[in-house]
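Undergrad: Under the numbering used here, think of the first position of the sequence shown as 627, with each following residue one higher.
Got a structure for you, written out below as structure tokens; questions coming shortly.
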Amino acid sequence: MPHPLPPYGSLPQGDAEGCHLISENYAYALQFILGFAALAGLVFKRWRAPVKRDLVVWMYDVSKQGFGAMFIHVWNILLSIHEGGGIPGSDECAMYFVNFSLDIAIGTFMIWCFVRVQELTAVRCGIDSLKVTGDYGTPPLFSVYRTQLLAYTVILVICKAVTTAIVIAMDEVLSSLAKALFSPVSAYPELELTLVMIICPWILNALQFWILDNVLMSEKVMLDPRSGSFGKCSHGFLAVAGTF
């Protein structure tokens, strides 16, 4: 007489299918929802803003964030699969959450620092298109946007390389932490994937997008209103820090 199948999620730990970031249509649908939710946060921010940016400027700023978010998302998926997929008992989804959390906690601050360094360096070197991030000229020029997008991509690569080095150096500690955090739901892969891809990241992603939107938009306080030229770098840096 054949034994009936156990209820979903009741398999022993060693026999559980586990949570996989790329497995079926459900995983792809969740990733699409995550991206849409983050974009919705920016649309809401624009709707609530007392002074709205020009639509073209806003689209340039948002597209930089969208490209950057997609780049980091793919990087995190590949890193999580590499770190979690090949180790018995490890968890890809939990590792993704750890990677994502590091991006929020460390990466966002690093991006802010590097963007300011980029602007200060551009002022020193006379690179007009990079002097003020989010200022694309009047009217907004695609060539300036393209240059800023390239600079932002380089910054993302540097920041992500640093957080990746941290993950690799602390692999065992972070893997154990990730497993402990999600052990209550590890027997339910779809629930865990929903938590990792939607619930937790939606809150953190919306916060990060909100912060980076302030970083990437043009900070007019850095301009000297009397001459139209950039003020001293230290004053500009402090002014931006005060509005961040």
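Just so it is clear, CB atoms sit at the ideal spot from N, CA and C, and this is done for glycine as well.
Which word fits S689, buried or exposed, when buried means at least 16 other C-beta atoms lie within 10 angstroms of its C-beta?
TA: When all chains shown are included, S689 counts as exposed.
Undergrad: Assuming E812 and D754 are in contact, meaning their beta carbons sit under 8 Å apart, how far apart are those beta carbons, in whole angstroms?
TA: The sequence given here has Ser at residue 812, not Glu. Not confirmed; about 53 Å, so no contact.
Undergrad: From which residue to which residue does the alpha helix (DSSP H) around E818 run?
TA: Its alpha helix (DSSP H) spans residues P815 to T820.
Undergrad: Examine the ligand SAM and report whether any of its heavy atoms sits within less than 8 Å of the Cβ of N725.
TA: Absent from the structure shown: the ligand SAM. Ligands present: none.
Undergrad: With DSSP collapsed to three states, give me the class of T764.
TA: Note: T764 maps to coil in three-state DSSP.
Undergrad: Is the stretch 717-728 in contact with the stretch 816-829, if contact means three or more CB pairs nearer than 8 Å?
TA: Verdict: yes, contact present.
Undergrad: With DSSP collapsed to three states, give me the class of E718.
TA: Residue state, collapsed to three classes: helix.
Undergrad: Rounded to a whole number of angstroms, what is the C-alpha to C-alpha distance between V780 and A804?
TA: Whole-angstrom Cα-Cα distance: 29 Å.
Undergrad: Could you spell out where the alpha helix (DSSP H) holding C645 opens and where it closes?
TA: Here C645 belongs to no alpha helix (DSSP H), and DSSP marks it neither H nor E.
Undergrad: Could you tell me which of V783, D687 and A777 sits nearest to R742, measuring between CA atoms?
TA: Ranking V783, D687 and A777 by Cα distance to R742 puts A777 first.
Undergrad: So, under 8 Å CB-CB, Q774 and L756 are touching, yes? Tell me the CB distance rounded to an integer number of Å.
TA: At roughly 7 Å, the Cβ-Cβ gap stays under 8 Å, so Q774 and L756 are in contact.
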